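According to full-length UniProt numbering, numbering within the sequence shown proceeds without interruption in unit steps and concludes at 409. Ideal placement from N, C-alpha and C gives every residue a C-beta, glycine not left out. Being a predicted model, the structure only gives us computed values, none of them experimental. One structure below.
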Amino acid sequence: MAMASILRSKTFKGALTLVVFIVLYVLIFPRDSDDSLSPEEINSMFQNKDEGLAGIKKVELTAHGLAPPYLDPNTLKPKNWDVSGTTIVRNNEFMRLTSDNPHQAGSIFSKLPIQAESFEMELTFHIHSKARELVADGFAIWFTDRKLPTGDVFGCQNNFNGLGIFVDTYKNGKRGQFPFVNLMMGNGVTPYNKDTDGYETRLAGCTARSVLNPRSELTKARIVYTKNGYFSLDFNYNNVADEWSNCVTLSDVRLPAIKYLGFSAETGDLSENVDLMENRMFALYNGKGGFIDSIDELQEISNEEAAKEEAGGGRHRVLKKEKSTTKRRTLKRLKNAERRLKERERQKRKELYGDENANFFNRLVKKVVFGLKLCLYTAAVVGVVWVGSIAYRSRKAMKRGKKHAGLLD
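Listed below in structure tokens is the structure:
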């Protein structure tokens, strides 16, 4: 009886109605924060392999491509690449930067700078060794303002200007799990510290344990960069189509205006083979002939194409409407992904610099102001000490004078 009266009560009915409305709202209107594209999905949109976005135009940068046969039949040298160090070329198989032998360093750099402000790149490589775990030192992907000579930073010279992506297979410092992918934006002055695995200058990074001795014997790296600073790096460890795993995604990376593409590797007392198989790079243009600027422009392209399909009509109106609805949904998720990326970047800046709006100019101004304040405080302290010293000497001299005067009297 008591249960029946509770079920018939207005309070229970009202509460039940409220719960039903809440459940329906959650099902029909899911939270935007949870409904966003992943970095991997965004990068696949930029790659546009299925040509689903007509507003993205891709032009292959053949001068920065790698594919067998690697040697020019006339010169018997690699096409479009300068080779140095221990690099070995097996014409129909791979370009090996280092062999599984100690104390080697090899590199290749593009003869021409990258003629694109926005691009996507897909590299196929293989890091392997007879040893399963104790290997060293790793390999690097470079976007620098010049071709780097041989050195001790993964086979290239230190104090570089540009971006270094280091696939580090040996742990020198105390932090992290290895292999580890470490990004550093060099300014031409600040060195990479090998003893700490570049921890002090780390822009971002991720653990990449599957990059060494992969079962598929191939690893793919995908890089997407747009001229306003969007930079994203994915890995495909299993050589399965579209099975990408995001390593880092950043929104404020600035590559040099003139940038060469390079690959290098180095071994120490421990060693490993580092083989390059293929590289393909494409410039990313919008429909107007300019380089794609950002995720914002990707949103605009998706929005325009969805609007065109909605207005298209014709015999396949239902199918077009379904495609348009899908693109609208994708656009919404893209906006949410961009918002989440920017929030994450602001949080990162706040943790690093104490200010979520910090940028290079702001940090430089703060450093200059701090330096000036330090100089002023130092000058003030020195001034006080100097005045105090003069006062002390004067007082001492006066006392000495009084003593002499007493003797004469």
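Identify which residue in the options has its Cα closest to the Cα of residue i.
i	options	result
proline 191	Gly164, Leu372, Phe109 and Gly287	Gly164
residue 428	Ser232, Leu53, Lys259 and Gly85	The structure shown does not extend to residue 428, since the chain is modelled only from 1 to 409, so the question has no answer here.
glycine 173	Asp152, Tyr199, Asp72 and Asn236	Tyr199
phenylalanine 180	Asn80, Asn187, Gly205 and Asn228	Gly205
tyrosine 230	Ser210, Val211, Asp252 and Asn238	Asp252
leucine 255	Ser210, Leu374 and Ser118	Ser118
alanine 265	Ala379, Asn182 and Thr87	Thr87
asparagine 92	Leu71, Gly383 and Leu233	Leu71
glycine 151	Asn182, His126 and Lys194	Lys194
serine 84	Arg90, Ile108 and Leu61	Ile108
phenylalanine 125	Asn101, Thr169, Arg96 and Ala116	Arg96
arginine 202	Asp242, Phe166 and Gln104	Phe166
residue 441	Leu374, Glu122, Asn239 and Lys79	Nothing can be reported for residue 441, as the shown portion of the chain is limited to 1 through 409.
glutamine 104	Leu61, Phe154, Leu76 and Leu66	Phe154
glycine 262	Phe139, Thr219 and Glu305	Phe139
alanine 241	Thr196, Ser36 and Glu40	Glu40
isoleucine 127	Pro68, Pro149 and Arg209	Arg209
threonine 207	His64, Lys79 and Asp234	Asp234
asparagine 159	Glu243, Pro214 and Asn187	Asn187
tyrosine 237	Ser99, Pro214 and Ile295	Pro214
leucine 61	Ala136, Val135 and Glu120	Glu120
serine 232	Thr378, Leu66, Ile42 and Leu37	Ile42
aspartate 82	Asn74, Asp100 and Ala63	Ala63
residue 422	Tyr170, Ser110 and Ala116	Examination of residue 422 is not possible in this model, given that the chain is present from 1 through 409 alone.
cysteine 156	Arg175, Val385 and Thr267	Thr267
methionine 184	Gln177, Asp168, Arg175 and Phe178	Asp168
Could you have a look at residue i and say whether DSSP puts it in helix, strand or coil?
i	result
tyrosine 237	coil
tryptophan 81	strand
proline 30	Low local confidence applies: a pLDDT of 48 at proline 30 is under 50, so the model's placement there is unreliable, and no value is given.
threonine 124	strand
glycine 106	strand
lysine 396	helix
valine 189	coil
threonine 226	coil
asparagine 286	coil
lysine 147	coil
glutamate 243	coil
glycine 383	helix
alanine 306	helix
aspartate 195	helix
asparagine 43	helix
threonine 378	helix
alanine 54	coil
glycine 65	coil
arginine 215	coil
threonine 17	helix
leucine 372	helix
aspartate 72	coil
aspartate 296	helix
glutamate 60	strand
lysine 321	The predicted model places lysine 321 with a pLDDT of 44, which falls under 50 and marks its position as unreliable; any figure quoted below should be read in that light. In this structure, lysine 321 counts as helix in the three-state DSSP scheme.
glycine 314	Unreliable positioning characterises glycine 314 in this predicted model, as indicated by a pLDDT of 49, which lies under 50. A coordinate reading is not provided.
alanine 391	helix
Look up residue i in the DSSP assignment and give the residues it is bridged to.
i	result
serine 264	Ser107 and Ala140
lysine 259	According to DSSP, lysine 259 bridges with nothing at all.
residue 413	Residue 413 lies beyond the range of the chain shown here (1 to 409); nothing can be said about it.
lysine 220	Thr124 and Asn236
methionine 281	Met121
threonine 207	Phe180
valine 248	Leu233
aspartate 275	Arg96 and His126
*Could you pull out every unbroken beta strand (DSSP E) segment of at least 3 residues lying fully inside the stretch 150-184, listed in chain order?*
With a minimum length of 3 residues, the continuous beta strand (DSSP E) runs that stay inside the stretch 150-184 are 150-153 and 161-168.
*With contact counted as at least three CB pairs below 8 Å, one residue from each stretch, are the stretch 281-290 and the stretch 42-60 in contact?*
Cβ pair count under 8 Å is three or more, so yes.
*Counting Cβ pairs, one atom from each stretch, are 3 or more of them under 8 Å apart for the stretch 42-49 and the stretch 208-224?*
Three or more beta-carbon pairs drawn from the stretch 42-49 and the stretch 208-224 are found closer than 8 Å, and the two stretches are therefore classed as touching.
*Indicate whether the contact test is met: 3 or more Cβ pairs, each with one atom in the stretch 288-306 and one in the stretch 139-148, closer than 8 Å.*
With a cut-off of 8 Å, the stretch 139-148 and the stretch 288-306 do not count as touching, because too few Cβ pairs lie within range.
*asked:* Quick test of the definition: if touching needs 3 or more C-beta pairs under 8 Å, does the stretch 262-279 touch the stretch 242-249?
replied: Output reads no: the stretch 242-249 does not touch the stretch 262-279.
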